[in-house]
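Engineer: Quick one: this structure, given as structure tokens, is what I'll be asking you about.
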Amino acid sequence: MASATTLAAVGEVGKGFFHERTTQSCQAKPSHLFCWDWAREHIDRYGTPTLQQFELVAISVVLGFTVAFALALLAHRRRWLRPPLLAGTGVLYAVPSVAFFLLLLPITGRGRETAIIALSAYTLQIIYRNVTVGLGNVPESAKDAARGMGMTKRQILWRVELPLAIPEIIGGLRIATVSTVAIATLAVFAHAGGLGTQIYGEANLHFPTSIIIAGGIAMLMALTFDAILLTIQRFSTPWRRVRSS
Amino acid sequence: MPSDKLTESSAGASPVRYAGATKRYPGSAKAAVEELTLEVPAGEICVLVGPSGCGKTTAMRMVNRMVEISEGDILIGDRSVRDRSPAQLRREIGYVIQQVGLFPHRTIAENIVAVPQLLGWKKERAAARGAELLSLIGLDPDLANRYPAQLSGGQQQRVGVARALAADPLVMLMDEPFGAIDPISRERLQNEFLRLQAELRKTVLFVTHDIDEAIKMGDRIAIMREGGKVAQYATPAEVLMDPADEFVEDFVGADRALKRLALMRVADIDLWKAPLAYVGQPTAEVRAKLAEPGVEVPYPLLVDSERRPLGWLSERDLAGEQVPAQPDSPLGPLLDRDDIMRDALADLLQGEAQYAAVVDHEGRIDGVLSVEIISEFLKSPQAKTEEHSAVERPHG
Chain H
0 MASATTLAAV GEVGKGFFHE RTTQSCQAKP SHLFCWDWAR EHIDRYGTPT
50 LQQFELVAIS VVLGFTVAFA LALLAHRRRW LRPPLLAGTG VLYAVPSVAF
100 FLLLLPITGR GRETAIIALS AYTLQIIYRN VTVGLGNVPE SAKDAARGMG
150 MTKRQILWRV ELPLAIPEII GGLRIATVST VAIATLAVFA HAGGLGTQIY
200 GEANLHFPTS IIIAGGIAML MALTFDAILL TIQRFSTPWR RVRSS
Chain U
0 MPSDKLTESS AGASPVRYAG ATKRYPGSAK AAVEELTLEV PAGEICVLVG
50 PSGCGKTTAM RMVNRMVEIS EGDILIGDRS VRDRSPAQLR REIGYVIQQV
100 GLFPHRTIAE NIVAVPQLLG WKKERAAARG AELLSLIGLD PDLANRYPAQ
150 LSGGQQQRVG VARALAADPL VMLMDEPFGA IDPISRERLQ NEFLRLQAEL
200 RKTVLFVTHD IDEAIKMGDR IAIMREGGKV AQYATPAEVL MDPADEFVED
250 FVGADRALKR LALMRVADID LWKAPLAYVG QPTAEVRAKL AEPGVEVPYP
300 LLVDSERRPL GWLSERDLAG EQVPAQPDSP LGPLLDRDDI MRDALADLLQ
350 GEAQYAAVVD HEGRIDGVLS VEIISEFLKS PQAKTEEHSA VERPHG
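For the record, the sequence lines run as chains H and U.
The first sequence begins at 0 in numbering that gives the first Met the number 0 and counts up one residue at a time.
The second sequence begins at 0 in numbering that gives the first Met the number 0 and counts up one residue at a time.
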């Protein structure tokens, strides 16, 4: 990849970039870590990538959750499915992310679909495992009592097991979402846009301001998602807050 | 209001009949429960008791089909438990387990009305029923919106019992319900349940491995041995007085005469006469009373004009001309005619007293119970053989 011509090209783009984009103060010190003046001038270019990033994450997590949740419920009923499902989702999780995007390109083409498929695939393992663990942690006595009072299997699942598994389920969702925000910056390799477009520009090698802004937005996004999910978790499990009182 | 409550909470009970009910697990040669035939009359507590592995829990769980019957049948009233779906059947049967199994994510009130909810009761009706049960089990209404984790073990099991009673079941199944609770709370919960049962009159199948609990709780006891075979099915008194065989005798224990004390009340035994003394009475009269034949108590008991005991008089009290208003010795333990004999003995031993005054409902002196009387009773052949009329269940 790193042929002489591309390197030269990077250099050229870099120079042009500097001349065009940097203000006087930053020009004095090109290796300056963060240039406020530049950031103020160019902040509007992060709007669309941020929105794209948000969409990628939201769609992928919802999709991944739906599939993983369904798989977990299936495995809850049919025990024999557990090892193959755990292994299957584990293998998907183990594929290096850039490789995943590039491998999908010839099949699904460039664009958002490819990125979403890869990103959802990454969430499967974490969500699947957490739902399974959550369902497994439901006290046997509560299930026995539920059965003994005449709940059907479905009622036990929806009224007892799943509500009690909420902490683990949302816990899994939190980890999956935060890591998806990070991995989605690589969606640029599938030509799916996102904040990665502002990070992997080759000019940024010598001018880290854009990396810091885009990375900062991604971190902020991850923390916001996490805070929202944490709040949902708190409000949907009031019984867990009373333990200590 | 109270009459409304009664109609809601005592709609009825059905007899439970095991008709050759058998449970065989695949791959095991011996049946867990073999051809069990047993009838539990409506409104009675039948305790299934026996060593672990005797099949008592299996036998109980066959009633609500938590364990499916392999052969034979079980009838509730005249209906086989097999003629409706397990879920439907179970909604008609109260179910209490040792680990309580409250739903941690639901409030106490929500836990209690779980079965009415399954039955599709209207919200208001379920809520009213929940409040009623909360007061029935003597739980503070403020606890209604707490979560199970905020309650003590004893309180949780009270809620467990209330939840089982919520839809007014025909039959209650209780699997070692008080087994995981500390001894003091257990005793209280047992008494509370007996008090409830006196009012509700449910048909109860109660599993325990504790013979003392069986004697206390059961109208009838089925002592079971391996394979779910009933070694003896009788009232607690019969089991204690006349064990059917060596197995029952061993299981009941060598101290079965002592256990019978749990079935008697103080009023059931001949008490000593108390030599009474009234304030201001000439001491000479009192001394004369003490000398009467048949008076076993060495000291006179000071009573007020209503014959309510005030305390024991000592030699020093009798030194004067008249009986003083203040007795020298405190009263010590005071027993009630209706106290369970075993508890009375415990009071005597705890109070380090050889004897204690026994009073009636109005608090008037009835006689004196002594450790000696009890030990004489335990030594007498009647403790083991005679059909003692006194054995009324401590209901109410």
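Glycine included, every Cβ here is placed at the ideal spot set by N, Cα and C.
None of these values were measured; they are calculated from a predicted model.
Is threonine 202/U buried or exposed, if buried means 16 or more other CB atoms sit within 10 Å of its CB?
Structural biologist: Buried, because 16 or more other Cβ atoms sit within 10 Å of the Cβ of threonine 202/U.
Engineer: Under the DSSP definition of a beta bridge, which residues are partnered with aspartate 342/U?
Structural biologist: DSSP output for aspartate 342/U lists no bridge partner at all.
Engineer: For threonine 65/H, count neighbouring C-beta atoms within 10 Å of its own C-beta (all shown protein chains included) and say buried if the count is 16 or more, exposed if not.
Structural biologist: The residue in question, threonine 65/H, is exposed, as its Cβ has fewer than 16 Cβ neighbours within 10 Å.
Engineer: Output, in chain order, the set of chain H residues within a Cβ distance shorter than 9 Å of methionine 59/U.
Structural biologist: Under the 9 Å cutoff, chain H gives no residues; its nearest Cβ is about 11 Å from methionine 59/U.
Engineer: Any residues in the stretch 76-94 of chain U with a beta carbon nearer than 9 Å to a beta carbon of chain H? Which ones, in chain order?
Structural biologist: Answer set for the stretch 76-94 of chain U: Ser84, Pro85, Ala86, Gln87, Leu88, Arg89, Arg90, Glu91, Ile92, Gly93, Tyr94.
Engineer: Is there at least one Cβ from chain H nearer than 8 Å to tyrosine 146/U's Cβ?
Structural biologist: Closer than 8 Å: yes.
Engineer: So, is the C-beta of proline 162/H closer than 8 Å to a C-beta in chain U?
Structural biologist: Yes, its Cβ sits closer than 8 Å to a Cβ of chain U.
Engineer: To the nearest angstrom, report how far apart glycine 319/U and alanine 266/U are at their CA atoms.
Structural biologist: If I take the Cα positions, the gap works out to 35 Å.
Engineer: How should proline 308/U be labelled, buried or exposed, when 16 other C-beta atoms within 10 angstroms of its C-beta is the threshold for buried?
Structural biologist: Under this definition proline 308/U is a buried residue.
Engineer: Let's test the definition: count the other Cβ atoms within 10 Å of the Cβ of asparagine 110/U and tell me whether it reaches 16, buried, or not, exposed.
Structural biologist: Answer is buried; the Cβ neighbour count reaches 16.
Engineer: Note down the Cα distance separating threonine 176/H from valine 187/H, rounded to an integer number of angstroms.
Structural biologist: C-alpha separation (whole angstroms): 18 Å.
Engineer: Mind pulling the chain U residues with CB within less than 9 Å of arginine 241/H?
Structural biologist: In the sequence under discussion, the amino acid at residue 241/H is valine, which differs from the arginine named in the question. Within chain U, the residues near valine 241/H are Arg145, Tyr146, Ala148, Gln149.
Engineer: For chain H, is any of its Cβ atoms less than 8 Å away from the one on methionine 65/U?
Structural biologist: It does: the Cβ of methionine 65/U has a partner Cβ on chain H nearer than 8 Å.
Engineer: Please say whether valine 137/H and glutamate 167/H have beta carbons closer to each other than 8 Å?
Structural biologist: No.
Engineer: Which residues in the same chain as leucine 123/H place their Cβ atom closer than 8 Å to its Cβ, once the five residues preceding and following it in sequence are excluded?
Structural biologist: Here the set comprises Gly63, Val66, Ala67, Leu70, Thr88, Leu91, Tyr92.
Engineer: Return the chain-ordered list of same chain residues with a C-beta closer than 8 Å to the C-beta of tyrosine 232/U, the five sequence neighbours on each side being excluded.
Structural biologist: The answer, listed in chain order, is Leu37, Arg219, Ile220, Ala221, Ile222.
Engineer: Of the residues that make up the stretch 84-97 of chain H, which ones have a beta carbon closer than 8 Å to any beta carbon in chain U?
Structural biologist: Result list empty, no residue passes.
Engineer: Any beta carbon from chain U within less than 8 Å of arginine 233/H's own beta carbon?
Structural biologist: Chain U, which has no Cβ nearer than 8 Å to the Cβ of arginine 233/H, makes this no.
Engineer: Just mark histidine 104/U as buried or exposed, buried being the case when its beta carbon has 16 or more other beta carbons within 10 Å.
Structural biologist: Classification for histidine 104/U: buried.
Engineer: Grab the span of the beta strand (DSSP E) containing aspartate 174/U for me, first residue to last.
Structural biologist: Start and end: 170-174.
Engineer: Chain H beta carbons: is any one of them nearer than 8 Å to that of phenylalanine 250/U?
Structural biologist: No, no contact with chain H.
Engineer: Is threonine 22/H helix, strand or coil by DSSP?
Structural biologist: For threonine 22/H, the predicted model reports a pLDDT of 49, less than 50, meaning its position is unreliable; a value from the coordinates is still stated below. Threonine 22/H: coil per DSSP, three-state reduction.
Engineer: Please look up how many angstroms separate the CB atoms of aspartate 316/U and arginine 336/U, rounded, as I've assumed it's under 8 Å.
Structural biologist: Not confirmed; about 27 Å, so no contact.
Engineer: I'd like to know if glycine 293/U contacts chain H, where contact means its C-beta is closer than 8 Å to some C-beta of that chain.
Structural biologist: Chain H contact via Cβ: absent.
Engineer: Should the stretch 243-250 of chain U be called in touch with the stretch 337-345 of chain U, which here means at least 3 C-beta pairs below 8 Å?
Structural biologist: They do not touch, by the three-pair rule.
Engineer: First and last residue of the beta strand (DSSP E) that includes isoleucine 236/U?
Structural biologist: Looking at the sequence itself, residue 236/U is alanine, so the reference to isoleucine does not match. Unbroken run through alanine 236/U is the alpha helix (DSSP H), 235-240; no beta strand (DSSP E).
Engineer: If contact is defined by three or more beta carbon pairs under 8 Å, each pair taking one atom from either stretch, is the stretch 287-306 of chain U in contact with the stretch 356-373 of chain U?
Structural biologist: A contact exists between the stretch 356-373 of chain U and the stretch 287-306 of chain U.
Engineer: Indicate whether at least one CB of chain U lies closer than 8 Å to the CB of methionine 148/H.
Structural biologist: Judged by the 8 Å Cβ criterion, methionine 148/H is in contact with chain U.
Engineer: Can you tell me whether tryptophan 120/U is helix, strand or coil according to DSSP?
Structural biologist: Correct three-state label for tryptophan 120/U: coil.
Engineer: Which residues in chain H sit within 7 Å of isoleucine 107/U, going by Cβ to Cβ distance?
Structural biologist: Simply none; closest approach about 11 Å.
Engineer: Which residues mark the beginning and the end of the beta strand (DSSP E) in which aspartate 365/U is found?
Structural biologist: Where aspartate 365/U is concerned, the enclosing beta strand (DSSP E) stretches over 364-369.
Engineer: DSSP beta-bridge partners for tyrosine 277/U?
Structural biologist: Tyrosine 277/U pairs with Val302/U.
Engineer: Could you tell me whether the Cβ of valine 99/U comes closer than 8 Å to any Cβ of chain H?
Structural biologist: It does: the Cβ of valine 99/U has a partner Cβ on chain H nearer than 8 Å.
Engineer: Quick one: is serine 140/H near chain U, going by C-beta distance under 8 Å?
Structural biologist: With 8 Å as the cut-off, serine 140/H counts as an interface residue toward chain U.
Engineer: I believe valine 62/U touches leucine 172/U by the beta-carbon criterion, under 8 Å. Please report the beta-carbon distance rounded to the nearest angstrom.
Structural biologist: Rounded, the Cβ-Cβ distance is 6 Å, consistent with contact.
Engineer: Between which two residues does the beta strand (DSSP E) harbouring valine 46/U extend?
Structural biologist: That run of the beta strand (DSSP E) goes 44-48.
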